[in-house]
Each structure stands twice: as C-alpha cells, then as structure tokens.
Amino acid sequence: MESEKVLCVAEKPSVAKEIAKILSGNRFVMRNSRINYIKNYEFKCQLNSKEVQVIITSVCGHINALDFPSQYAKWESCSPTVLFDAPIIKKTIDENAECIRENIFNIAHSVSHLMIWTDCDREGEKIGSDIVDICRMANSDIVVSRARFSAIIPPQIKQAWESPVQLDMNQAEAVNTRMELDLRIGYAFTRYQTLGLRQIFPELGNGILSYGSCQFPTLGFVVERYKAVENFVKEKFWKIHVVVDRDDTIVNFNWDKGVLFNVNCCNAIYCDLMMDQPVIATVVEVVTKETRKYKPFPLTTVELQKAGCRFLHISSAEIMKIAEDLYNKGFISYPRTETDQFDHQFNFKDLIQAQSQDPRWGDFASSLLDKRITTRKGKHNDQAHPPIHPVQYATGLTGKEKTVYEFVVRRFLACCSDDAKGNETTVKIKIKEEYFTAKGLVITENNYLDVYPYDRWSDKNLPNFILNETFTPKECTIEEGETTPPEYLTEAELINTMDKNGIGTDATIHEHIKKIIDREYVEKQDLGNKTYLIPSNLGLAIVEGYDSIGFNESLTKPLLRAKMEQNLKEICEGTREKNDVLTENVNKYRDMFLVTHNNLQLLIGGSRDVGENDIQGTRGSRGSRGSRVSKRGGRGRGSRGRAGRGFTSARGRGRGRGRGRGSNDGSYDNEPLNID
DNA sequence: GCAAGGTC
Numbered sequence: 178m179e180s181e182k183v184l185c186v187a188e189k190p191s192v193a194k195e196i197a198k199i200l201s202g203n204r205f206v207m208r209n210s211r212i213n214y215i216k217n218y219e220f221k222c223q224l225n226s227k228e229v230q231v232i233i234t235s236v237c238g239h240i241n242a243l244d245f246p247s248q249y250a251k252w253e254s255c256s257p258t259v260l261f262d263a264p265i266i267k268k269t270i271d272e273n274a275e276c277i278r279e280n281i282f283n284i285a286h287s288v289s290h291l292m293i294w295t296d297c298d299r300e301g302e303k304i305g306s307d308i309v310d311i312c313r314m315a316n317s318d319i320v321v322s323r324a325r326f327s328a329i330i331p332p333q334i335k336q337a338w339e340s341p342v343q344l345d346m347n348q349a350e351a352v353n354t355r356m357e358l359d360l361r362i363g364y365a366f367t368r369y370q371t372l373g374l375r376q377i378f379p380e381l382g383n384g385i386l387s388y389g390s391c392q393f394p395t396l397g398f399v400v401e402r403y404k405a406v407e408n409f410v411k412e413k414f415w416k417i418h419v420v421v422d423r424d425d426t427i428v429n430f431n432w433d434k435g436v437l438f439n440v441n442c443c444n445a446i447y448c449d450l451m452m453d454q455p456v457i458a459t460v461v462e463v464v465t466k467e468t469r470k471y472k473p474f475p476l477t478t479v480e481l482q483k484a485g486c487r488f489l490h491i492s493s494a495e496i497m498k499i500a501e502d503l504y505n506k507g508f509i510s511y512p513r514t515e516t517d518q519f520d521h522q523f524n525f526k527d528l529i530q531a532q533s534q535d536p537r538w539g540d541f542a543s544s545l546l547d548k549r550i551t552t553r554k555g556k557h558n559d560q561a562h563p564p565i566h567p568v569q570y571a572t573g574l575t576g577k578e579k580t581v582y583e584f585v586v587r588r589f590l591a592c593c594s595d596d597a598k599g600n601e602t603t604v605k606i607k608i609k610e611e612y613f614t615a616k617g618l619v620i621t622e623n624n625y626l627d628v629y630p631y632d633r634w635s636d637k638n639l640p641n642f643i644l645n646e647t648f649t650p651k652e653c654t655i656e657e658g659e660t661t662p663p664e665y666l667t668e669a670e671l672i673n674t675m676d677k678n679g680i681g682t683d684a685t686i687h688e689h690i691k692k693i694i695d696r697e698y699v700e701k702q703d704l705g706n707k708t709y710l711i712p713s714n715l716g717l718a719i720v721e722g723y724d725s726i727g728f729n730e731s732l733t734k735p736l737l738r739a740k741m742e743q744n745l746k747e748i749c750e751g752t753r754e755k756n757d758v759l760t761e762n763v764n765k766y767r768d769m770f771l772v773t774h775n776n777l778q779l780l781i782g783g784s785r786d787v788g789e790n791d792i793q794g795t796r797g798s799r800g801s802r803g804s805r806v807s808k809r810g811g812r813g814r815g816s817r818g819r820a821g822r823g824f825t826s827a828r829g830r831g832r833g834r835g836r837g838r839g840s841n842d843g844s845y846d847n848e849p850l851n852i853d
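Numbering (our numbering), first residue to last: 178 to 853.
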C-alpha cells in the first residue's frame, strides 16, 4: 500500500527549506513551482513509526487581502462614511499569490494530511487558516494539523513534527478583524481628509493626506516632541561646585543636593560654607567597588533599526532593506524578529568559528572558542525566529552592506563575550553640613568592548584620597545655570517610542516612519551632527486640528490603537466575538468621523479665527523651515482666506467651482459633503 | 490614489 502523503506549508521559502533539511536529514528532492523563489521539497520521513511521504512548500506572507467591491473604487463614487458599512470582499493579493495558491491547491489533491508550518504568531494563524481554505477546496477530506515550534532548530522542529496541535481560529479571527477595521477606517478618513483639504488648498495638488491607525500616532509622537521643544520655558538654577587639585589632577566634586531653583536658598548655604576661612573639607567616604558595563542583548529588529540610526547613520527603512539583502544572500539570519534571547540549544561555536578568519575581529572570535558561551536573556520571544546573527562568513561586501554586516557580526560576538569590568571609586567630602561627591573609574577588563566599538566606556582618573583626611579645596564656587530644552525627536527615539507603545510591528515600524515622511507630514533635518524628525507645517496643522476637536480618545495618540489591540487580544482569548468587536469599533470611528465633520473649522484652522487665519497664517513664523505647502509655493497668499470654506466633497462641487459659502462668516454648511 | 500586515 502506498504510504500516506503529508503536505507541509511554511510562511516563507527560507523556513520551508530549513524544515525540509532538518526532517529529511538533507536528503530531499527539490522541485520548482511557477514562482522561482517558491520550491517544493519532497522526501520520506517517519511519523508515529510509519513512513510517510512529505512535500514541504511555502507561501510568501499573506495570500489574501480585503477590499471593497469595484463600485467603491473611485474616490468620488460614494461618501467616505459609506465605507464604514460597505460590503467587503476577500481577494488574492496579486498574481504571485495566485500562483502560490495554485501550487498548494494542486498538491492538496493528492495528499491526505496538511500540516501548517506558518510562524507561531497571530498573523501566522491567519495565513495558516487561508492555506487550509485552499486545501479544503481541493480536497474536502484533508486532515489538518498545525506544527508549533519555538525556533527553527532540529530538536524543536522534530518535536513539532511529532506532536502537532490545531490551528487557533481565534487568532485568525483577530487578524480578520484587524484587517477589516484598518481598511474601513483608513480608507474613510484618508479619502475624507484628502478630498476635503484639496478643496481648501489646491496647491496640495494630487498629494494624499492619509490617515492610518499607526501612521497618525507616529506623526503624533513627532509633533508632541516638537511642541515640547518649542514651548519649552527655561528655568534658572544654582549649585555649589567644589574643585580640588591633587597630584596635578583636577577633580570636580558635585554637590549631593544637585541644583536648587531658589537663588536665595543657594546663596544662604554658600555664604554659610564660606564664612570660616580657609574652607576645610573632610573626606568622609572612600569606596572602591567592582562595576560592570553590561554587554548588549541579542539583536532584535527594533534594536537593529535603532543602532542603524544611531551608530551607522542609516535610516530604519534603508537598514531593513540592507538586512533583507544580506539575509537573502545567506549571510545573516532572518532580520524580522522580536526575540532577544538565544535558545539554550543554539549552536554558537560553529558560527563564532566561521568569523575567526576575519582580519578585523577574527582574533577576538578565536578567543571565544575555548570559553563557555553565555548570553544575556531579554524578555521577548516571538517563538519563531532567533535573534539576528551572522550565519556565514561574508567576504567581498562593500559600502553599507559591509557596514551592516560588520555591525551584526560585532554585536553577535559582543553578546557571546563577557561584560566589561572595572573598579569605580567614590570619594565623598563634607564641608560643614554639605556633601560633595567625585567618582573615578579604572577599567580592568574590556571584554566585549574590544569587539563592539559602538559602546563607549572610559577610564576616569581619580587621585588618592584617604578617609578622614582634611584639605582646602582649590575652588568652592556658586554657579548659575539654566535648564535646556529637550532635543527634537531622532529616528532611533521614535522607533523606541513606537515599539513601547505598540504602534506597528518589528516588520512595519520603519514603513510607518517612511510613510509620514513620504506624505510630507514630517521631514528629516540635520542639526549639528544629528538628524532629527521635524513636523512640516502640514503635519503640525493636521495634528493640531484633530487635537483641537478634543476627542475623548485622540486620533493622534497611541491609546486608540492600543485599545483596538486589546480588543483583538480578547478575541484571541475567546472572551469576545469578532462581530462584537467590529461593531463596537466601526461605531466608535464612525462617531469620530461625524464629530470631525461637524467640527471642520477646528480641523482646518483650529480655534484660531477660522476664515481669517488659515493654517499657514498661524504657522507663519515657521514657514522658513520649508514645509510641504510653502515648498510648493504660494501657499501663504494663495490659500489665505480660503480656509473657512470647510471640507467639501469633490462631488457636486468641483475644484474652483465652489460657491464659497461659509468662507468669511464663520458658518459651516456640512451638507455638501454628502456623507449620508 | 487610500490602511496595516505578511514577505521576495
């Protein structure tokens, strides 16, 4: 009797290949599909002490997407509000996805079992459920199971093969919900904002003013920091500073009280200290203890992007492109991972060995080979991918690829090394009743710092002080200072903030940042030797406009997305139904849409005398920064006095044919939008 | 032409 056939489908080609290698012991037949990067791997394998025939293939991320039926495709075909309730259709993403579907469909005819090997996360369950649908269409009797693995290494994969579980349909439903909400809300607000603002500012041309539940909070973070800088009010402070000259070394002692914001208070203390001359300081504490500079955590996508901006001066979008290229060439591991801990069975030695031939870090790598490797363990594990690490020694790389590969290797070797160690000495002195402290550092072991130049730690020389000795300081002065404003947001900080607030995923954070730049809501500016993200007039005006409407839950803050995420989690946990969450969220956003529409004057001009001051008018002082609209020329005069027109739909009132009602009397007629 | 999420 012919043995049973099992079809295994992974989320991406590289995983299909790895699983095939592991389960077949590298003895498989590889067949092409109609897409050159999708391969089918065939071999025989034991399952429950029976021999089965296995075919492993993959999809390439999502197969299906949601869309509105074609009659809604034209922006003017309906009022944007209709999109909150319009029917939605499921379709194959593109022609490639169609070929991938066909490949699976054809194989499914001839197999009895289907095993899903997509990533073990929410999106993976959804992709898996789409694969099941395809296979059931071909073969309604197919027996379905799901492999659950926490890393693509032999023991985990073998374990997953032998003890499969069932797909988690709750998670798939959560993703279906997310897809539908993102589509409805994103399209409705985007069309509304775009068509409406184009009416008011024709110089926007064909520019799109998009709304998205991730891109708006991202923009919000940039604006929030910008305003914190602009609105910053300096405050003066005073402090007492002690300088000691010993053994030809100047030692600065910092006041334990830090700074005081009351000059009289500071003066009183200072006068008291200076009353008896000469001033006598007594050493009350000399302590030396071992200190460490911790080696880095294993590398995640978010950390790679932050490091790219900070150390390598490469934007997050570009570093992801480069990392994906390095991955596709087989030099580094999968670059989209949240995992910051290596599996305890991870094979470090072979990977370190491979690096030992390099003239730059080879000696360091060699020195690790006879040591026991321990790495720091972060708190994240996506159950699918290990931290980013080099998988092969690479030669012949140039430019930024070389830079990024070098970073990945050095980071990996740093993780495998030891913390840097040193001795920190603290000297505390007392003058009357005031205490002052100085610290020194002697580095005793560089360890990881030798291979990881991106971190800095340096010796700080401190001469000898003896407990209870007394001396007269060289100087004891009162100093005035003032608080300094925060800096504008850097891309690395933005990535961090998005990550912490759950805006976007490791694979999409950089896309959202790129999007708000492409939309000209935000621009990059070099100040000094750093690059900052600064909102354009347009970005600032939109955020201020929405914020001035005063929603309970701001469209430009992360909380709204967080609540949606919480609802999705409830679907995953089985405590809420998809339709329940859909209805609640669609209603919520529809309400916000209507409130927006009823407060157009606030959106387009804030509460600042709409009709007289347009957005440019209120932002005039910042015009020199080269905003979207001013760059396109003539926004100032051209749009002045037009803002009061309010949002109007393009339909029924073509551009330039407006009747101009409501433009100067502050009244708004919302009817023309046709939002019914 | 619009979203966010996968991935090549």
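C-beta atoms are modelled at their ideal positions from N, C-alpha and C, and glycine is treated no differently.
- Query: Helix, strand or coil for Leu476 per DSSP?
  - Reply: Leu476 falls in the strand class under three-state DSSP.
- Query: Met314 lies in the alpha helix (DSSP H); which residues open and close that run?
  - Reply: 299–315
- Message: Could you compute how far the alpha carbon of Ala211 sits from the alpha carbon of Glu664?
- Response: Going by the sequence as given, residue 211 is Arg instead of Ala. Taking the straight line from one Cα to the other gives about 52 angstroms.
- Over the uninterrupted alpha helix (DSSP H) stretch that includes Ala285, give me the two end residues. 272–285
- Query: Is it buried or exposed for Cys592, if we count other Cβ within 10 angstroms and need 16 for buried?
  - Reply: Buried, since its Cβ has 16 or more Cβ neighbours within 10 Å.
- Supposed close pair Asp596, Tyr709 - CB separation, criterion 8 angstroms: Actually they do not touch by this definition, with Cβ atoms about 32 angstroms apart.
- Message: Helix, strand or coil for Val585? Go by DSSP, reduced to three states.
- Response: helix
- Message: Extract the residue ranges of the alpha helix (DSSP H) inside the region 571–619, only unbroken runs of 4 or more that lie entirely within it.
- Response: 576–593
- Message: Using only CA atoms, which one of Ile385, Asn353, Thr354 lies nearest to Arg368?
- Response: The shortest C-alpha separation from Arg368 is found at Ile385.
- Item | Cβ pair count under 8 angstroms reaching 3, the region 325–340 against the region 192–202 | yes
- Message: Check whether the region 613–622 and the region 411–430 touch, using three or more Cβ-Cβ pairs below 8 angstroms as the test.
- Response: yes
- With respect to the beta strand (DSSP E) encompassing His290, which residues constitute its N-terminal and C-terminal limits? 290–294
- Task: Indicate whether the contact test is met: 3 or more Cβ pairs, each with one atom in the region 351–359 and one in the region 729–747, closer than 8 angstroms.
- Result: yes
- Query: Mind pulling the beta strand (DSSP E) runs of 3 or more residues that sit fully within the region 656–714?
  - Reply: 699–704, 707–712
- Within the region 403–481, note down every full alpha helix (DSSP H) run reaching 4 residues or more, in order along the chain. Counting only runs of at least 4 residues, the region 403–481 fully encloses the following alpha helix (DSSP H) elements, listed from N- to C-terminal order: 440–451.
- Is the beta carbon of Arg475 less than 8 angstroms from the beta carbon of Gln532? Note that residue 475 corresponds to Pro in the displayed sequence, not to Arg. The answer is no: Cβ separation not under 8 angstroms.
- May I ask you to list the residues that DSSP assigns as paired with Cys237? DSSP lists no partner for Cys237.
- Query: How would you label Thr552, buried or exposed, when you count the other beta carbons within 10 angstroms and need 16 or more for buried?
  - Reply: buried
- Pro264 classed as buried or exposed, judged by whether at least 16 other C-beta atoms fall within 10 angstroms: exposed
- Message: Can you look up Gln348 in the DSSP assignment and give me helix, strand or coil?
- Response: helix
- What does Phe864 pair with, by DSSP beta-bridge criteria? Since the displayed the chain opens at 178 and closes at 853, residue 864 lies outside it and no answer follows.
- Do the region 443–455 and the region 623–632 meet, that is, are 3 or more Cβ pairs less than 8 angstroms apart? With the cut-off at 8 angstroms, the region 443–455 and the region 623–632 do not touch.
- Query: The beta strand (DSSP E) spanning Ala739 covers which residue range?
  - Reply: Here Ala739 belongs to no beta strand (DSSP E); instead the alpha helix (DSSP H) covers 736–750.
- If we call anything under 8 angstroms between Cβ atoms a contact, is Glu688 one with Ile694? Cβ atoms of Glu688 and Ile694: not closer than 8 angstroms.
- Could you tell me whether the Cβ atoms of Val321 and Ser289 are closer together than 8 angstroms? no
- Sheet register partners of Met207 (DSSP bridge): Tyr218
- Exposure of Lys483, with buried meaning 16 or more beta-carbon neighbours within 10 Å: Looking at its Cβ environment, which holds 16 or more other Cβ atoms inside 10 Å, Lys483 is buried.
- Message: For Ser340, count the other beta carbons within 10 Å of its own beta carbon; 16 or more makes it buried, fewer makes it exposed. Which is it?
- Response: The residue is exposed, with fewer than 16 neighbouring Cβ atoms inside 10 Å.
- Task: Spatial neighbours of Val236 within its chain, please: CB distance less than 7 angstroms, with the 5 preceding and 5 following residues excluded, ordered by chain position.
- Result: Val186, Glu188, Ile277, Ile304, Ile308
- Message: Please list the terminal residues of the continuous beta strand (DSSP E) segment that includes Ile266.
- Response: 266–269
- Task: Answer with buried or exposed for Cys653, where buried requires no fewer than 16 other C-beta atoms within 10 angstroms of its C-beta.
- Result: buried
- Task: For Thr773, name the three-state secondary structure that DSSP assigns.
- Result: DSSP places Thr773 in helix when its eight states are reduced to three.
- Please classify Ile643: is it buried, with 16 or more other beta-carbons within 10 angstroms of its beta-carbon, or exposed? Exposed, because fewer than 16 other Cβ atoms sit within 10 Å of the Cβ of Ile643.
- On the DSSP bridge assignment, give the partners of Ser322 in chain order. Per the DSSP secondary-structure output, Ser322 pairs in a beta bridge with Met292.
- Item | Span separating the alpha-carbon of Gly397 from that of Leu715 | 13 angstroms
- Taking the alpha-carbon positions, what's the Ala827 to Asp262 distance? At Ala827 the pLDDT is 25, less than 50, meaning the model places this residue with poor confidence; the figure from the coordinates comes in the next sentence. Their Cα atoms are separated by approximately 21 angstroms.
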